[in-house]
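Residue 0 is where the sequence shown starts when you use numbering that gives the first Met the number 0, and the numbers rise one by one after that. Backbone N, C-alpha and C fix where the C-beta goes; we use that ideal spot for every residue, glycine too.
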Amino acid sequence: MSSQPFFVPAVIIFVVSLPLILGLVPRNRIYGIRTRKTLSDDRTWSSVNRFGGGMILAASVFYLIVAMIFPYSGAALLAWSLHLAAFAGPLLVSALVIARYARKL
């Protein structure tokens, strides 16, 4: 499993999202989902980061499931492209959904 091209980044993203979901990250300028709104209010910070952490966690879990179902053999460009799309696509969608959620608050 660790030979999958994006396994390590997916696991890191998974681990980094957990404190966000659990609300363990205080408002700061380094770690978390930072916008003008989230940096100006603790309730908004907590709400957006809990939601965003869940979205990011789901994106990393999606890739890990794809990596289990379609193991990367190291030979075909098509297989690598599938893994790239399965890793980056959900993260991009998550970023867009998080941005929309943050704007609505």
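Residue from the options with nearest C-alpha to residue i
i   : options           : result
A87 : V14, L63 and S72  : L63
F13 : H82, I55 and V65  : I55
H82 : S93, A94 and F69  : F69
P4  : A101, L77 and Y30 : L77
I29 : L38, G22 and L21  : L38
Straight-line Cα distance separating residue j from residue i
i   : j    : result
A75 : A66  : 15 Å
A98 : W79  : 29 Å
G51 : W44  : 10 Å
A93 : G73  : The residue asked about is misnamed: residue 93 is Ser in this sequence, not Ala. Spanning the two alpha carbons is a distance of roughly 28 Å.
V47 : S2   : 33 Å
L95 : A101 : 10 Å
Proximity test, residue i beta-carbon vs the ligand FMN heavy atom, cut-off 6 Å
i   : result
V15 : Looking at this structure, you won't find the ligand FMN or any other ligand, since it has none at all.
Residue i, enclosing alpha helix (DSSP H) - first and last residue
i    : result
Y100 : L76 to K103
S45  : D41 to I68
S16  : F6 to L21
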